[in-house]
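Trainee:
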Amino acid sequence: MRQWNLVCFFLIFVFSLQAEEVPPGAAIVSAHPMATRAGFEILEAGGNAFDAAVAVSAVLAVVEPYSSGLGGGGFWLLHRARDGHEVMIDGREIAPLAAHRDMYLDSKGKVVPGLSVDGPLAAGIPGEPAALAHIGKKYGRLPLSRSLAPAIRAALEGFPVTPHYQKMADFRLRALRASPAAARVFLLDNKVPPVGHVIRQPDLARTLEALARQGRKGFYQGAVAKRLVAQTRKAGGIWHSADLAGYKVIERKPVTGRYRGYRITSAAPPSSGGITLLTMLNVLEGFELDRLSVARRTHFIVEAMRRAYRDRAEYLGDPGFVTIPQTTLTSKAYAEQLRDSIDPDEATRSEDLKPVATSGSGFHTTHFSILDKQGNRVAATLSVNYPFGSGFMPEGTGVLLNDEMDDFSAKPGVPNVYGLIGAEANAIAPGKRMLSSMSPTFVESANRLAIIGTPGGSRIITMVLLGTLDVTAGQSALDIVMARRFHHQYLPDAIQFEKGAFDEDTLAELQLMGHRLNPLDGTYGNMQLVLWDKNKKRLTAATDPRGEGQAAVQ
Ligand code: GLY
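Quick note on numbering: this note's numbering labels position 543 of the sequence shown as 986, and the sequence is numbered without any gaps.
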C-alpha cells in the first residue's frame with residue numbers, strides 16, 4: 444500500500460512538472476533581422492530558448508552596436524517550462540572599484556558635462572559576456588561555441604549600414620571620432636558611412652571566439668582583459684584587472700504581482716522597472732479604465748506615472764547597497780493611498796508631492812522576446828546606455844564600452860541626460876550597480892501570455908505599462924506595438940507624447956485639468972512582443988514599426 448502511495452505521488456509529481464501548456468510553435472522577435480534569424484538557427488540546431496537568447500544577444504552586440512554589446516550589460520528574464528522556474532539574470536554593469544560618489548563633479552561641486560557620458564571614465568564594468576556564459580552553461584543545451592557562432596560569423600562577414608545606423612552614428616559622431624579604434628570600425632574616413640557600407644569587426648570576432656572557447660574567463664581574465672584594462676587606463680579610465688576578475692552575475696527573484704487576473708513578472712532591482720510598473724498597475728486597478736473617456740483615462744494613468752516615478756527617484760538603487768521598501772511599494776494598500784491622493788478632475792503638481800529626499804536610464808538600448816516550442820521563454824533588455832555607449836573602444840578588443848555610469852545620480856537632485864533625478868539610493872559607490880529602467884516583462888493569464896519589452900530610457904517603464912494595459916484589454920500584438928505613446932516621469936512636470944497620441948478635444952480636456960503638455964517631435968521606443976492567445980491557439984509576434992526589427996513564428 445505504501446509503495447502504491449509512493450508511485451501515485453511520483454506520478455502526480457511528474458504530471459505536475461509537465462502540466463504547463465505547450466505553445467503551437469516558436470516565436471522570436473528582436474530589433475534586427477540577423478539576430479532573429481540567429482535565434483531560429485540555434486533552435487533548429489537543437490537549442491532551447493535560453494541558447495537562442497545567447498545567440499540573439501551576441502548577434503545584437505555585433506549588428507546593433509549603438510544599442511547593446513559585450514561592453515555593456517542587461518537583464519534576462521527567464522521562464523523554464525519544465526518546472527516553472529523563473530529568474531532574472533542580472534548582468535548589469537558595476538562601478539569600478541576606483542569610482543567614488545563625486546567623480547563627475549568639479550572643484551566647485553558642479554557636475555562636469557559629458558564626463559559620465561563620453562570616453563572611458565563613463566564606462567561601468569561590463570556584465571553581458573558573463574551573463575551569456577552563465578545562461579548558456581546553466582540553462583542552455585548547446586555549448587557556448589555553438590550559440591556564439593552566428594555572432595562570430597556576423598562580426599567577420601559584416602552587416603550593412605542602414606538609415607537608422609546613420610542616425611545613431613551621426614548623433615554620437617564626436618564621441619566616436621575621439622576613439623581611433625571605434626572610428627576605424629564604425630566610421631568611414633571619420634565620417635558616417637553610406638547606407639549599404641558593410642561594417643566588419645575582426646577584433647570583436649576574436650574577443651567573441653575567446654568567450655566561446657574559454658567561457659567568462661575568455662573576457663574577464665587573460666589577454667582580452669589585459670588589453671581592456673591597459674587601453675582604458677591609457678585613455679584616462681580607472682579600470683583595474685580586479686574589476687574584471689571580480690565581476691559577478693547575480694540570479695535574482697523577479698518582481699511579481701497581479702493586475703485584474705493577470706500575473707505580472709518583471710525586472711527586479713537594480714532595475715526600477717518591475718517595482719515602478721507594479722506600483723502604477725496597482726494604482727490603476729482601482730479605476731474602470733475601459734469605461735472612461737480618453738482624457739480621463741489618460742489623466743489617471745499620468746497621475747499613476749507621476750507618483751510611481753517620484754518613488755523611483757527616492758527609493759530605488761542597487762539592493763546590495765540600499766534597503767528598498769519593495770513590499771510596501773508593490774502592495775495594494777500603498778497603491779490605495781496613492782490612488783486616494785489623485786483628484787479625478789485636476790492634475791497634481793509634481794512639486795506638491797512630497798519632495799524626493801535628497802536616477803538614470805538609457806536612450807537607445809535593445810529588447811528581444813523568445814518563446815520556444817517547449818514553452819521556455821526569455822524577455823531580455825540589454826544596453827550600452829547612450830547610442831554607441833561611451834564611444835570608446837579599447838584598441839585590439841573590438842569592444843565598445845558602455846556609458847552606463849550616467850545611470851547613477853552624479854549629484855542628488857541633478858537630472859541626468861534623460862532628465863531623471865536621483866537621490867542617495869542611487870549615488871555612485873565602488874562595485875555598485877547603477878539604477879536601470881530596463882523592464883523585460885511577462886504578462887499572463889490562463890488565456891494569454893505576453894513577452895514584452897522595449898528600449899527608451901526613462902520612458903521604458905511607461906511604455907511597458909501602456910503595453911500591459913493593452914494586453915489585458917485583449918488587443919492584438921501589432922496594435923500594441925503600433926499604439927501612439929505618452930509618458931510622465933514626475934519631473935519635468937509635463938505629459939510627453941508622440942504625434943497622434945491624442946486628438947484635439949482630448950488635449951484641450953487634459954489642459955483644462957491642469958496638465959502641461961509636451962508634444963514630441965519624433966517617435967520613441969522599439970517594442971518587441973510575443974503574444975500567445977491560448978484559447979485561440981494563436982501565436983503571434985510583432986516588432987515595433989518605429990524600428991528595423993524582425994518578428995517570426997515557426
Ligand atoms: N541604460 C538603460 C537603463 O538601464 O535604463
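For every residue, glycine included, the Cβ atom is placed at its ideal position computed from N, Cα and C. This one's a predicted model, so the numbers in the text were calculated from it and none came from an experiment.
1) Can you tell me whether L671 is buried or exposed? The criterion is at least 16 other CB atoms within 10 Å of its CB, across all chains shown.
2) Quick one: Cα of G679 to Cα of S622, how far?
3) Rounded to a whole number of angstroms, what is the C-alpha to C-alpha distance between G990 and Y702?
4) By Cβ distance below 7 Å, which residues in the same chain neighbour L540 in space, the five residues on each side in sequence not counted?
5) Curious, which full-length beta strand (DSSP E) runs of at least 3 residues does the stretch 786-856 contain?
6) Distance, Cα to Cα, L720 vs A776?
7) Verify the contact flag: D850, CB atom, against every heavy atom of the ligand GLY, threshold strictly below 7 Å.
8) Looking at the structure shown, is Q674 part of a helix, part of a strand, or coil, going by DSSP?
9) In three-state DSSP terms, what is T719?
10) Check for me: the beta strand (DSSP E) holding G700 runs from which residue to which?
11) May I have the straight-line CA-CA distance separating A592 from S901, to the nearest angstrom?
12) Within its chain, find whatever has a CB closer than 7 Å to the CB of E428; leave out the 5 residues flanking it on each side and keep chain order.
13) Excluding sequence positions up to five away, which residues of its chain have a Cβ less than 8 Å from the Cβ of E484?
14) Let me check understanding here. Comparing Cα to Cα, which of F493, M906, N961 lies closest to P586?
15) Keeping to the same chain, check which residues put their C-beta closer than 7 Å to that of M956; ignore five residues upstream and five downstream.
16) By DSSP, does V914 sit in helix, in strand, or in coil?
17) What separation, rounded to the nearest whole angstrom, lies between the Cα atoms of S793 and Y509?
18) Measuring from the CB of S833, is there a heavy atom of the ligand GLY at a distance below 7 Å?
19) Whole angstroms is fine: what's the gap from S802's alpha carbon to S879's?
20) Check whether the Cβ atoms of V505 and L619 lie closer than 8 Å to each other.
21) Q971 lies in the beta strand (DSSP E); which residues open and close that run?
22) Near G704, which residues of its chain fall below 6 Å by C-beta distance, leaving aside the five closest residues on each side in sequence?
23) DSSP three-state label for K581, please.
24) Compute every distance between the C-beta of I681 and the non-hydrogen atoms of the ligand GLY, then say whether any falls below 7 Å.
25) Can the beta-carbon of A998 be found closer than 8 Å to that of P697?
26) Report the rounded CA-to-CA distance for V502 versus D533, giving the unit in angstroms.
27) Quick one: measure Cβ to Cβ for L772 and Y752, integer angstroms, because I've assumed they're closer than 8 Å.
28) Could you check whether the stretch 607-614 touches the stretch 635-643, counting it as contact only if at least three pairs of C-beta atoms, one from each stretch, sit closer than 8 Å?
29) Look at the alpha carbon of L960 and the alpha carbon of I938, and state the distance between them as a whole number of angstroms.
30) Beta strand (DSSP E) containing S709: first to last residue?
31) Just checking my contact of A985 with A920 at CB under 8 Å: how many whole Å lie between their CB atoms?
32) Taking the C-alpha atoms as reference points, what is the distance between R740 and E952?
33) Classify N725 as helix, strand or coil using the three-state DSSP reduction.
34) To the nearest angstrom, how far is it from the Cα of L912 to the Cα of N890?
35) Ordered along the chain, which non-local residues of its own chain (more than five positions away) have a Cβ less than 6 Å from that of G805?
36) Which of the three DSSP states is assigned to I681 in this structure?
Mentor: The relevant details are as follows:
1) What you label residue 671 is simply residue 228 of the sequence shown in a count that begins at 1. So L671 counts as buried.
2) Position 236 of the sequence shown holds residue 679. Position 179 of the sequence shown holds residue 622. G679 and S622: Cα-Cα distance of roughly 12 Å.
3) Position 547 of the sequence shown, counting from 1, holds the residue named residue 990. Position 259 of the sequence shown, counting from 1, holds the residue named residue 702. About 29 Å.
4) Sequence index remark: in the sequence shown, residue 540 carries index 97 (1-based). Same-chain partners within the cutoff: H683, A685, D686, P873, G874.
5) 809-814, 820-826
6) On the sequence shown, position 277 is the one that residue 720 refers to. On the sequence shown, position 333 is the one that residue 776 refers to. When rounded, the distance between both Cα atoms is 16 Å.
7) Taking the first residue of the sequence shown as position 1, residue 850 is located at position 407. The answer is yes for D850.
8) Counting from one through the sequence shown, the residue named residue 674 turns up at place 231. Note: Q674 maps to helix in three-state DSSP.
9) As a first step, residue 719 must be located in the sequence shown, where it is residue number 276. Helix.
10) Within the sequence shown, the letter at position 257 stands for residue 700. First-last of the beta strand (DSSP E) with G700: 698-702.
11) Walking along the sequence shown from the start, residue 592 turns up at place 149. Walking along the sequence shown from the start, residue 901 turns up at place 458. C-alpha separation (whole angstroms): 34 Å.
12) The question about residue 428 has no answer, for the chain in this structure spans 444 to 997.
13) As a first step, residue 484 is located in the sequence shown; it is residue number 41 there, counting from the start. The answer, listed in chain order, is A498, P593.
14) For the purposes of this step, residue 586 is taken as residue 143 along the sequence shown, with counting starting at 1. Checked all of F493, M906, N961; the closest Cα to P586 is F493.
15) By one-based count along the sequence shown, residue 956 stands at place 513. Within the same chain, M956 has close Cβ partners H742, D788, E789, A790.
16) Along the sequence shown, read from residue 1 onward, the residue named residue 914 stands at position 471. Reduced to three states, the DSSP call for V914 is helix.
17) For the purposes of this step, residue 793 is taken as residue 350 along the sequence shown, with counting starting at 1. For the purposes of this step, residue 509 is taken as residue 66 along the sequence shown, with counting starting at 1. Rounded to whole angstroms, S793 to Y509 spans 33 Å at the Cα level.
18) For the purposes of this step, residue 833 is identified with residue 390 of the sequence shown, where counting begins at 1. No; taking the cut-off as 7 Å, the Cβ of S833 has no heavy atom of the ligand GLY nearer than that.
19) In the sequence shown, residue 802 corresponds to position 359, counting from 1. In the sequence shown, residue 879 corresponds to position 436, counting from 1. Caution applies to S802, whose pLDDT of 36 falls short of 50 and renders its modelled position unreliable; the model cannot decide the point.
20) The residue labelled residue 505 in the question sits at position 62 within the sequence shown. The residue labelled residue 619 in the question sits at position 176 within the sequence shown. Result no, Cβ atoms of V505 and L619 do not sit closer than 8 Å.
21) As a position in the sequence shown, residue 971 is number 528, starting the count at 1. First-last of the beta strand (DSSP E) with Q971: 971-976.
22) Here residue 704 is taken as the residue at index 261 of the sequence shown, counted from 1. Closer than 6 Å at Cβ, skipping near neighbours: S888.
23) By 1-based counting over the sequence shown, the position of residue 581 is 138. K581 falls in the helix class under three-state DSSP.
24) The residue labelled residue 681 in the question sits at position 238 within the sequence shown. No, the Cβ of I681 stays beyond 7 Å of every heavy atom of the ligand GLY.
25) Nothing can be reported for residue 998, as the shown portion of the chain is limited to 444 through 997.
26) Translated into the one-based positions of the sequence shown, residue 502 becomes position 59. Translated into the one-based positions of the sequence shown, residue 533 becomes position 90. Answer to the nearest angstrom: the Cα atoms are 19 Å apart.
27) On the sequence shown, position 329 is the one that residue 772 refers to. On the sequence shown, position 309 is the one that residue 752 refers to. Not quite, the Cβ-Cβ distance comes to about 12 Å (not below 8 Å), so this is no contact.
28) yes
29) Here residue 960 refers to the residue found at position 517 when the sequence shown is read from its first residue. Here residue 938 refers to the residue found at position 495 when the sequence shown is read from its first residue. L960 and I938: Cα-Cα distance of roughly 5 Å.
30) Here residue 709 refers to the residue found at position 266 of the sequence shown. Note, S709: beta strand (DSSP E), 705-709.
31) For the purposes of this step, residue 985 is taken as residue 542 along the sequence shown, with counting starting at 1. For the purposes of this step, residue 920 is taken as residue 477 along the sequence shown, with counting starting at 1. With a Cβ gap of about 4 Å, A985 and A920 count as contacting.
32) In the sequence shown, the residue the question calls residue 740 occupies position 297. In the sequence shown, the residue the question calls residue 952 occupies position 509. Distance between the alpha carbons of R740 and E952 is about 11 Å.
33) Your numbering for residue 725 matches position 282 in the sequence shown. Three-state DSSP puts N725 in a helix.
34) Translated into positions along the sequence shown, residue 912 becomes position 469. Translated into positions along the sequence shown, residue 890 becomes position 447. So the two alpha carbons sit approximately 15 Å from each other.
35) Here residue 805 is taken as the residue at index 362 of the sequence shown, counted from 1. Confidence at G805 is low in this model, with a pLDDT of 36, below 50, so its placement is unreliable and the value that follows should be read with caution. Here the set comprises S826, N828, G900.
36) Within the sequence shown, numbered from 1, the residue matching residue 681 stands at position 238. Reduced to three states, the DSSP call for I681 is coil.
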